Amino acid sequence: MRILRLIRAGFVVNVKMLVASKFFLLIAVVQPVIFATIAFYMFRSGGRPGTLLYVSLGAGMMGVWSTTLFASGGMIQWQRWQGTLELGVASPVDLPLIYLPFCLANTFTGAYALLATLVWGRVLFGVPLHFAHPWAFAIALPTVVISLALFGLLLASTFVLYRNANAMSNLLEYPVWIASG
Numbered sequence: 012m013r014i015l016r017l018i019r020a021g022f023v024v025n026v027k028m029l030v031a032s033k034f035f036l037l038i039a040v041v042q043p044v045i046f047a048t049i050a051f052y053m054f055r056s057g058g059r060p061g062t063l064l065y066v067s068l069g070a071g072m073m074g075v076w077s078t079t080l081f082a083s084g085g086m087i088q089w090q091r092w093q094g095t096l097e098l099g100v101a102s103p104v105d106l107p108l109i110y111l112p113f114c115l116a117n118t119f120t121g122a123y124a125l126l127a128t129l130v131w132g133r134v135l136f137g138v139p140l141h142f143a144h145p146w147a148f149a150i151a152l153p154t155v156v157i158s159l160a161l162f163g164l165l166l167a168s169t170f171v172l173y174r175n176a177n178a179m180s181n182l183l184e185y186p187v188w189i190a191s192g
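Residues are numbered in this note's numbering as their position in the sequence shown, beginning at 1, plus a constant of 11.
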């Protein structure tokens, strides 16, 4: 019960911090909408058969990845700047349990990107939200969010070793975008 309380408290605190940050609102909402708009126009002018729903989902996942990557890398930097990284490392609770709620909150905040691009595509471009397998989508979406949060935890633990975690975040963002299409 103590562990669940720790995860919940860390999650709530970090969601409040991220929602108050204009930088993360830019990454989670504005940037994916801009990418989705560009992708919609490119997709339409290309004449390639397919659905615009994939474009919307792809732009949303780009936002989820960016938020996870920058928030997990930035989390370690912020902890360093605030002088609380040492407290987290020296606490009696295992280190992954301290940073897991932060990574969950980072990825949860990034899920706004997915929602924003789906709503943007529906309202502005008339993208039909007809999922071929709605139950599979409903299961896959939280699975992807949780797996990205766990990957963010892995990144955060790796970023502890490097003083320039933000530069590492910049390095990792675009190759994943290119590799995933």
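For every residue, glycine included, the Cβ atom is placed at its ideal position computed from N, Cα and C. Computed from a predicted structure; not experimentally measured.
From residue i to residue j, what distance separates their C-alpha atoms?
| i | j | result |
| --- | --- | --- |
| Val44 | Leu129 | 9 Å |
| Ala160 | Phe54 | 30 Å |
| Val100 | Ile49 | 43 Å |
| Gly57 | Phe162 | 34 Å |
| Phe35 | Pro103 | 30 Å |
| Ala190 | Pro107 | 29 Å |
| Glu184 | Tyr173 | 17 Å |
| Gln93 | Leu17 | 20 Å |
| Val134 | Met73 | 20 Å |
| Leu140 | Leu98 | 46 Å |
| Ser168 | Trp146 | 34 Å |
| Leu15 | Leu182 | 34 Å |
| Thr120 | Arg13 | 24 Å |
Between which residues of its own chain and residue i is the CB-CB distance below 7 Å, once the five residues before and five after are set aside?
| i | result |
| --- | --- |
| Phe8 | What is shown of the chain runs 12 to 192, which leaves residue 8 out entirely. |
| Phe142 | Phe148 |
| Ala122 | Val75, Val156 |
| His144 | none |
Whose C-alpha, out of the options, is nearest the C-alpha of residue i?
| i | options | result |
| --- | --- | --- |
| Asn25 | Ala124, Gly85, Pro103 | Gly85 |
| Gly21 | Tyr110, Gln90, Met12 | Tyr110 |
| Ile38 | Gly163, His144, Ala127, Trp146 | Ala127 |
| Phe113 | Thr154, Leu166, His144, Trp92 | Leu166 |
| Thr78 | Pro107, Lys33, Leu96 | Lys33 |
| Ser83 | Tyr185, Leu29, Ile18, Gly69 | Leu29 |
| Gly152 | Leu182, Arg13, Arg19, Gly69 | Checking the displayed sequence, the identity of residue 152 turns out to be Leu instead of Gly. Ranking Leu182, Arg13, Arg19, Gly69 by Cα distance to Leu152 puts Gly69 first. |
| Ala116 | Leu182, Ile14, Leu164 | Leu164 |
| Val171 | Leu96, Met12, Lys27, Gly71 | Leu96 |
| Thr154 | Asn175, Thr118, Leu182 | Thr118 |
Using 8 Å for Cβ pairs, my map puts residue i next to residue j. What's the rounded Cβ distance?
| i | j | result |
| --- | --- | --- |
| Leu80 | Ser180 | 5 Å |
| Gln88 | Asn177 | 6 Å |
| Ala124 | Val187 | About 14 Å separates the two Cβ atoms, so there is no contact after all. |
Looking only at its own chain, which residues have a Cβ that is under 8 Å from the Cβ of residue i, when we skip the five neighbours before and after it?
| i | result |
| --- | --- |
| Gly132 | Ala47, Phe51, Leu63, Leu64, Val66, Ser67, Val138 |
| Gly71 | Pro43, Ala47, Ala124, Leu125, Leu126, Ala127, Thr128, Leu129 |
For the ligand MG, is there any heavy atom lying closer than 8 Å to the beta carbon of residue i?
| i | result |
| --- | --- |
| Ser32 | Among the ligands in the structure shown, none appear at all, so the ligand MG cannot be discussed. |
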